[in-house]
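Let me begin by presenting the structure, written as structure tokens, before commenting on it.
Residue numbers (the working numbering): 44 to 125.
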């Protein structure tokens with residue numbers, strides 16, 4: 044597993060939002076309910092198609108392929124991981 048709950052405090056799930064990745068509406072909705080702009084957000088996922096869809100929308104993205112490296116990848120992206 045990626046142990047993301049140790050790093051982030053908010054998760055959005057399609058079972059609650061009714062929107063599924065890679066539909067760009069899922070990302071727009073996440074921005075809307077978190078009151079963030081594209082340049083304030085980072086989308087990360089382990090599925091390439093989801094990362095590519097988010098990038099086409101204009102989100103900064105991170106394709107996470109190795110759960111053991113997630114903190115390093117976040118640090119490389121300029122995100123401080125707790």
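Glycine included, every Cβ here is placed at the ideal spot set by N, Cα and C.
In three-state terms, what does DSSP make of residue i?
i           : result
residue 103 : strand
residue 66  : coil
residue 113 : helix
residue 76  : helix
residue 98  : helix
residue 56  : coil
Which stretch, first to last residue, makes up the beta strand (DSSP E) that contains residue i?
i          : result
residue 87 : 85-88
Am I right that residue i and residue j are in contact with their C-beta atoms under 8 Å? What's the rounded C-beta distance?
i           : j          : result
residue 122 : residue 81 : Going by Cβ atoms, the distance from residue 122 to residue 81 rounds to 16 Å, so no, they are not a contact pair.
Using beta-carbon positions only, say whether residue i and residue j come within less than 8 Å of one another.
i          : j          : result
residue 77 : residue 47 : no
Does the segment 92-102 come close enough to the segment 110-117 that 3 or more CB-CB pairs lie under 8 Å? no
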